[in-house]
Each structure stands twice: as structure tokens, then as C-alpha cells.
Amino acid sequence: METIDFQLITYLERNIDMKLHYYDGTDRVINIIDQEEPFPDGRLIVSRTDTMGILTHCNQSFIDMSGYTEEELIGKNHYILRHPDMPAAAFKGLWSTVKEGGKWDGYVKNLRKDGSYYWVHAVVIPNVRNGNIVGYTSVRRKPSRKKINQCISLYAEMLAEEG
Ligand SMILES: Cc1cc2nc3c(=O)[nH]c(=O)nc-3n(C[C@H](O)[C@H](O)[C@H](O)COP(=O)(O)O)c2cc1C
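Numbered by the numbering used here, the letters in the sequence shown go through residues 6 to 168 in order.
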């Protein structure tokens, strides 16, 4: 009986409606589910954006993992995948690096349409034409469980510091 109560409480605590705020002033309410979708072996998740982070291309693995249709993704800001467990500092580092023409890599917990999540090891590079940045490309691989576990603690500390 105690076990059932504990599981029920855990379930209720981990299925929460959360209001997500974005830097552009918009917000949306999402049901967060504490359930991981494992990154499929041997696949790469690829997307391209314009200079503002608006999605211009997603491969089939991106579509499958996000849970959205291609039509729902193209033209949307990449933050459609932003999970509230991710610290803002991670994305500030991403943007400052790639805007300067650099290559960024890091571990990201992404939010699926159904509120569950998946971890990726992402590389983001600027697409340069005639010396100008015209957009960005991101390629994501399966991260190791060890790295994921390190990031869970690190990001929780960073989030607590961000307040
Ligand atoms: C090419 C590229 C790929 C990105 N991939 C992701 C991603 O997979 N998940 C994510 O949350 N943000 C990603 N971002 C960062 C988002 O643009 C955004 O900064 C982030 O979701 C945080 O949202 P916020 O800036 O509104 O806080 C990516 C940005 C670029 C340029």
C-alpha cells in the first residue's frame, strides 16, 4: 500500500503543467512528463536555422524525436524544443559562440511535443556565405549515459544559481 501511495505521489509530482517564458516575450503552457525517449542508435538529428534560430530544415530523425510534424516545425523558433531543466547560460554560450563564427558543442535536454524529453550531444556551426553568417546547422548524436548524468547535476546547479 505504501508503495502504491509513493508511486502515485511521484507520478503526480512529475506530471506538471508549466508556463515556459521565452526571451522574445512569448510564453506557452506545457505538460512536462518525467519520461525519457532514448536517442535511437546510429541516427543523427539534423536541423538548420536562419540567423535568428528559426527552423528552415529538419531531417526525419529530428521530426521523429520531437514528436511534431514537419509543418509544425518549419518556420518556428528552435526554442520550441527548450526544456525547462536547461539553464539559460547553456544557450547564451551557444549563441555567443556561433554568432562570432565559432563551433559550439554541448549536451542538451530537449522537450518533445508530448512533454517527455530526450538528451542529445549537439554541435552547432555557422553557415557562412561570402564571409557572412547566413544561418546555422546543428547535428546531434547519441550522448553517453555518463555525460548525461554529469549534465543532470551540473544543469541543476546552474538552474539553482540562475534562480
Ligand atoms: C542551429 C541551432 C540549434 C539549436 N538547437 C536547440 C535545441 O536542440 N534545443 C534547444 O532548446 N535550443 C536549441 N537552440 C537554441 C534556441 O535557439 C534557444 O536559444 C534556446 O532554446 C533557449 O531559448 P531562449 O533563448 O528563449 O531561452 C538552437 C539554436 C541554433 C542556432
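Ideal Cβ positions, reconstructed from N, Cα and C, are used throughout, including at glycine.
Whole-number beta carbon distance between residue j and residue i, since they are thought to touch under 8 Å
i       : j       : result
Lys-114 : Trp-124 : 6 Å
Arg-146 : His-126 : 5 Å
Cys-156 : Tyr-112 : 4 Å
Leu-116 : His-88  : 4 Å
Ser-71  : Leu-49  : Incorrect: roughly 14 Å between the Cβ atoms, too far for contact.
Asp-119 : Ile-38  : 7 Å
Assigned exposure category for residue i - 16 Cβ within 10 Å defines buried
i       : result
Lys-152 : exposed
Asn-154 : exposed
Pro-148 : buried
Leu-99  : buried
Asp-22  : exposed
Leu-159 : exposed
Glu-7   : Any reading at Glu-7 needs caution, since the residue's pLDDT is 38, under 50, leaving its predicted position unreliable; the model's value is listed next. Exposed, by the Cβ-count rule.
Beta-ladder partner(s) of residue i, from DSSP
i       : result
Leu-25  : Arg-33
Trp-100 : None, per the DSSP bridge assignment.
Ile-157 : Ile-157 pairs with nothing; no bridge assigned.
Ala-127 : Gly-111 and Arg-145
Val-2   : Not covered by the structure: residue 2. The range shown for the chain is 6 to 168.
Glu-41  : Tyr-122
Leu-116 : Tyr-122
Pro-134 : Just to set this straight, residue 134 is Arg in the shown sequence, not Pro. Arg-134 pairs with Asn-137.
(request) Please confirm if the segment 119-136 is in contact with the segment 99-106, defined as three or more CB-CB distances below 8 Å between the two stretches. (result) Remark: three or more beta-carbon pairs, one from each stretch, lie closer than 8 Å, so the segment 119-136 and the segment 99-106 are flagged as touching.
(message) Can you confirm whether the segment 54-66 touches the segment 135-146 when touching is taken to mean that 3 or more C-beta pairs between the two stretches lie within less than 8 Å?
(response) Taking a cut-off of 8 Å on C-beta distances, the segment 135-146 touches the segment 54-66, as three or more cross pairs fall below it.
(message) Extract the residue ranges of the alpha helix (DSSP H) inside the segment 45-88, only unbroken runs of 4 or more that lie entirely within it.
(response) Runs found: 65-71 and 75-78.
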